[in-house]
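Residue numbers (the working numbering), protein chains in the order written: chain A, 516 to 717; chain B, 516 to 717. Glycine included, every Cβ here is placed at the ideal spot set by N, Cα and C. The structure appears right after this line, and notes come after that.
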């Protein structure tokens, strides 16, 4: 905000809070606020109502750690999903990303982060014990580790694998390789080496 | 949204409504929703509260047509502003834009649009009569027409000027010319011609 106030403190507060949303800055938050005010009945009122409801209803799924308005969550309570496979992801955003492409019709498990000694994230801070328990219950035959291809993600994947050792379950991870539509010239060496190593018959 | 639902209907509704904000699309609305849910206490709850308050308090200023949480609005009730000058703008967003640069310390008048026969916007739909009334009351010595340099903006400016004819008030408009930092090579002929005609001593 400039030094001069354009509007009352209630509107200034709204602009400042909207500016904290990813994708919005101070300037676009101002534009969004104006848009809301000008579309009071069509957008402002319904959005406020939707936020009140969601804020009130949102909870963490006690089975998989997903965030939803019901517990068990939508994916855990969906009867058409394959109970024998659990896709392990770091965050809810990863679950949403996988669901966006409808890549898999299995159950999920959200770890809630990655192991990171520097940030003091220990195994107890992650939703790992619950995963072991789910696998131990027996219906699961495959765990797909869909963690990020970062050092923390891979470290976490190794730790989870260790915890699942001895249980009768297949553990797999996402393939590394050339992104679809990607150009070799722009790929890093690590990815290129992995893609070559994991080459498939044509 | 993809065909498959990631979350309960309350969250889907929230995503769809957030996607209607300028600057957000379906994908960034999803990201924003997740961000809200993950920062429930720090952002989601305060933002919802701020929206409730703003929604409840927002009103149109009976003097100038600005939108604010008080009537008269913040600029109309500011005692440090110059009562002798009224800056006429098309929309509240223009008022905010002028205030952002603190270009002028005067009063404002928001027309609420421009004359447009095609869109069936007639003088009665705009906040023009109230402007004439304000000028007629006598304290105003100058009206600055800060309308957009579009056909509709200029048509509206002419109409407003006609309505103020006979009243003892100076009417001015924003200067046309080369934008600060602009390059001549990229300017349209109309702007160049105007800039040349309105050249100032160096």
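Quiz item: Mind pulling the chain B residues with CB within less than 8 Å of residue 583 of chain A?
Solution: Neighbours of residue 583 of chain A in chain B, taken as residues whose beta carbon is under 8 Å from its own, are 522, 523, 526 in chain order.
Self-check item: Any chain A beta carbon closer than 8 Å to residue 532 of chain B
Solution: Chain A, which has a Cβ nearer than 8 Å to the Cβ of residue 532 of chain B, makes this yes.
Practice problem: Indicate whether at least one CB of chain B lies closer than 8 Å to the CB of residue 594 of chain A. | Solution: no
Quiz prompt | Sequence-distant residues of the same chain with beta carbon closer than 8 Å to residue 667 of chain B, five excluded per side | solution = 629, 630, 631
Quiz item: What span of residues does the alpha helix (DSSP H) with residue 528 of chain A cover, start to end?
Solution: 524-533
Quiz item: Does any residue of chain A bring its CB to less than 8 Å from the CB of residue 605 of chain B?
Solution: No, its Cβ sits nowhere closer than 8 Å to a Cβ of chain A.
Quiz item: Helix or strand or just coil, what does DSSP make of residue 691 of chain B?
Solution: Residue 691 of chain B: coil per DSSP, three-state reduction.
Quiz item: Is the number of C-beta pairs between the region 606-615 of chain A and the region 641-659 of chain A that are closer than 8 Å three or more?
Solution: no
Practice problem: Pick helix, strand or coil for residue 622 of chain B, following the three-state DSSP scheme. | Solution: Under the three-state reduction of DSSP output, residue 622 of chain B falls in the strand class.
Exercise. Report buried or exposed for residue 695 of chain A, applying the criterion of at least 16 other Cβ atoms within 10 angstroms of its Cβ.
Key: The Cβ neighbour count for residue 695 of chain A, taken over all protein chains shown within 10 Å, is under 16; the residue is labelled exposed.
Quiz item: When you check each C-beta in the region 559-571 of chain A against every C-beta of chain B, which residues fall closer than 7 Å?
Solution: Cβ contacts with chain B come from 559, 560, 561, 562, 563, 565, 566, 567, 568, 569, 570.
Quiz item: Which chain A residues sit within Cβ distance under 8 Å of residue 552 of chain B?
Solution: 569, 573, 582, 607
Practice problem: Can you pull the chain B residues whose beta carbon is under 9 Å from the beta carbon of residue 667 of chain A, in chain order? | Solution: From the beta-carbon of residue 667 of chain A, no residue of chain B is found nearer than 9 Å; the closest lies around 18 Å away.
Quiz item: Which stretch, first to last residue, makes up the alpha helix (DSSP H) that contains residue 677 of chain B?
Solution: 666-679
Quiz item: Does DSSP classify residue 721 of chain A as helix, strand or coil?
Solution: With chain A covering 516 to 717 only, the question about residue 721 of chain A has no answer from this structure.
Quiz item: Identify the residues that DSSP records as bridge partners of residue 657 of chain A: which are they?
Solution: A:600, A:685
Exercise. Determine the direct distance from the alpha carbon of residue 556 of chain A to that of residue 561 of chain B, and round the result to whole angstroms.
Key: 21 Å
Self-check item: Burial state of residue 712 of chain B (16 or more Cβ within 10 Å)
Solution: exposed
Quiz item: Mind checking whether residue 643 of chain A and residue 675 of chain A have CB atoms under 8 Å apart?
Solution: yes
Quiz item: Are there three or more Cβ pairs, one per stretch, closer than 8 Å when the region 519-530 of chain A is compared with the region 583-590 of chain B?
Solution: yes
Practice problem: Run the CB neighbour count on residue 681 of chain A, radius 10 Å, all protein chains shown included, and call it buried at 16 or more, exposed below. | Solution: Residue 681 of chain A is exposed by the Cβ-count criterion.
Practice problem: Measuring alpha carbon to alpha carbon, tell me which of B:688, B:684, B:568 ends up nearest residue 671 of chain B. | Solution: B:688
Quiz item: Where does residue 494 of chain B fall in DSSP's three states?
Solution: One cannot answer for residue 494 of chain B here, as it falls past the ends of chain B, which runs 516 to 717.
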